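Participant: Using my numbering, the first residue of the sequence shown is number 1334, and each one after it goes up by one. Note that beta-carbon positions come from the ideal geometry of N, C-alpha and C, so glycine has one too. Being a predicted model, the structure only gives us computed values, none of them experimental. Below you will find the structure I want to go over with you.
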Amino acid sequence: MLMRVTIDAFALTPDVAEVMKAVRDDRSFAKARMEVYPGGLAAAIAQYHNKPSPQVIVVEEDEDDATLLTGLEDLAEVCEPGTRVIVIGALNDIKLYRTLMGNGVSEYLLRPLQPRQLMDAVATLFADPAAAPKGRLVVFWGARGGAGSSTLAQNLAWAMGRGQPEAVVYVDLDLAFGTSQLAFNLDAKQHVAEALANPERLDAVLLERFLAAYDDGLKVLASAGEVRQSPPVTFEAVDKLLDLACRMAPVVVVDLPHLWADWIEHLLTVADEVVVVTAPNLASLRDTKSLLEALVTRRGEGAPPRLVINKIDAFKKTQLSPKDFEETLGVTPSLLLPFEPQLFGQAANNGQMLAEANRGAKINEQLSAFAVQLSGRSPARKGGAKSKSLLDWLRK
Ligand SMILES: Nc1ncnc2c1ncn2[C@@H]1O[C@H](COP(=O)(O)OP(=O)(O)OP(=O)(O)O)[C@@H](O)[C@H]1O
Ligand SMILES: [Mg+2]
């Protein structure tokens, strides 16, 4: 089960704590992030009041079945939707087992247990590739050339990598003119064009080799940025590449080139988040309008692109206002960024992120707040809507 999955395990007894630690330290769980805590179900409930829940929660519980069910309902209150729960207990009661299994608990394991049983239970949860946890795909599109789309994609990917237990992956799909090597000051040995050249050979191991680490929080699949050596991109290759990347990383950020092709249209349609970066001028407004109109039919009303207006006040006298954009597009911009040539120029020249070039810059706060929205990390609800996967039946 060499895959990324986040697991919190709450033990009551020393024996089960040992089993959980053995699973955590097993080689096949090397890519999983697993934490072992004491305190059983009660500790799990306390934990997620102000912290997002992981993909899998394992709880050991000794209480009678009525208390166990009430406790699990309390846990459902504070969990993210889709969280899987495995319960470890000592009640060898087929009725209880059926009740739990039939109503949202993924597995009930009987004590005493071996590490292998717990490992199998977790692996079974994700045996179907469709059920495997996938990272968010966030694509960036510049309304017109030079809007700042790549620079913002780079900085936001880096900012998202700060808050994640695993590295975010940045894929520069601007094969001809991509700036990722310069922006991250990388000397990448292999580039995105090579990764796309033989899609049938591409797998997780190979992709890992193509990635260059910028720091602990960010890995980059760079573009050589050589116009004469940029082969055409195929739909299938890009799909395979990004599917693999999304299995490896919690967030995959894609920098799209400013051109129109079927594979670009496809990515703008299927991505979890589309960020449209525009400058505040008339031509950019026109292009943003036609893109948003095209996307609304493809993506539906539910997943609107997020609009970033960049380089505000570069041309104070002639620029359009955020209100002009809002009224024309019917979309409230998610982010308004000032024109700061000094800061952007310095970061670009140093091959650094903005927050590294100037820690105190105000724009950093805006970018990190937007990064939280993009990565989809929301604090656990308190008493809000219930988790669909867990004990919904108790509500009925
Ligand atoms: N808010 C800003 N203030 C000042 N300069 C900026 C700002 N945002 C971006 N820039 C600068 O604008 C230039 C173009 O940025 P970038 O390459 O990110 O744009 P792009 O939309 O990706 O362009 P392309 O269409 O070539 O892909 C860069 O030099 C970048 O440093
Ligand atoms: Mg670009």
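If you draw a straight line from the C-alpha of residue 1707 to the C-alpha of residue 1606, how long is it?
Facilitator: About 7 angstroms.
Participant: Identify every residue that forms a DSSP beta bridge with residue 1367.
Facilitator: BP columns for residue 1367 point to 1340.
Participant: DSSP state of residue 1444, grouped into three classes?
Facilitator: In this structure, residue 1444 counts as coil in the three-state DSSP scheme.
Participant: Along the chain, which unbroken stretches of the alpha helix (DSSP H) at least 4 residues long are found entirely within the stretch 1369 to 1450?
Facilitator: Runs of the alpha helix (DSSP H) inside the stretch 1369 to 1450: 1373 to 1380, 1398 to 1411 and 1427 to 1435.
Participant: Less than 8 angstroms separating the beta-carbons of residue 1489 and residue 1586?
Facilitator: Yes.
Participant: In or out: residue 1623 buried (at least 16 other Cβ within 10 Å) or exposed?
Facilitator: Flag for residue 1623 reads exposed.
Participant: Going by C-alpha distance, which of 1644, 1662 and 1616 is nearest residue 1625?
Facilitator: Measuring from the Cα of residue 1625, the nearest candidate turns out to be 1662.
Participant: For the putative contact between residue 1621 and residue 1629, defined by C-beta atoms under 8 angstroms, what is the C-beta separation to the nearest angstrom?
Facilitator: That pair is no contact at about 12 angstroms.
Participant: Ignore the nearest five residues each way along the sequence and tell me which others in residue 1486's own chain have a CB closer than 6 angstroms to its CB.
Facilitator: Cβ within range, chain order: 1473, 1586 and 1588.
Participant: What residue does the beta strand (DSSP E) around residue 1501 start on, and which one ends it?
Facilitator: Counting along the chain, the beta strand (DSSP E) containing residue 1501 begins and ends at 1501 to 1505.
Participant: Less than 6 angstroms between C-beta atoms, sequence neighbours within five positions excluded: which residues of the same chain meet that for residue 1367?
Facilitator: Excluding residues within five positions, the ones whose Cβ falls inside 6 angstroms are 1340 and 1357.
Participant: Please name the residue or residues paired with residue 1475 in a DSSP beta bridge.
Facilitator: DSSP, once it has assigned bridges, lists 1610 as partnering residue 1475.
Participant: Would DSSP call residue 1552 helix, strand or coil?
Facilitator: Three-state DSSP puts residue 1552 in a strand.
Participant: Are residue 1388 and residue 1432 close, meaning C-beta to C-beta below 8 angstroms?
Facilitator: Against a cut-off of 8 angstroms, the Cβ pair of residue 1432 and residue 1388 comes out as no contact.
Participant: Please name the residue or residues paired with residue 1645 in a DSSP beta bridge.
Facilitator: Beta-bridge pairing links residue 1645 to 1671.
Participant: Might you give, ordered along the chain, the residues of its own chain that have their beta carbon closer than 6 angstroms to the beta carbon of residue 1709, omitting 5 neighbours on each side?
Facilitator: These residues qualify, in order along the chain: 1469.
Participant: Should residue 1730 and residue 1438 be called a contact, given that it needs their Cβ atoms to be closer than 8 angstroms?
Facilitator: Since the first and last residues shown for the chain are 1334 and 1729, residue 1730 lies out of range.
Participant: Looking at C-beta atoms only, is the number of pairs between the stretch 1502 to 1514 and the stretch 1547 to 1554 that lie closer than 8 angstroms three or more?
Facilitator: At 8 angstroms Cβ cutoff, the stretches touch.
Participant: Determine the contact status of residue 1419 and residue 1442, defining contact as a CB-CB distance below 8 angstroms.
Facilitator: For residue 1419 and residue 1442, yes; Cβs fall inside 8 angstroms.
Participant: To test your reading of the DSSP string, which unbroken alpha helix (DSSP H) runs of 4 or more residues are found completely within the stretch 1553 to 1630?
Facilitator: Within the stretch 1553 to 1630, the complete alpha helix (DSSP H) runs of at least 4 residues are 1568 to 1581 and 1595 to 1603.
Participant: Give a single yes or no on whether residue 1610 has its beta carbon closer than 7 angstroms to a heavy atom of ligand 1.
Facilitator: Yes - ligand 1 has a heavy atom lying nearer than 7 angstroms to the Cβ of residue 1610.
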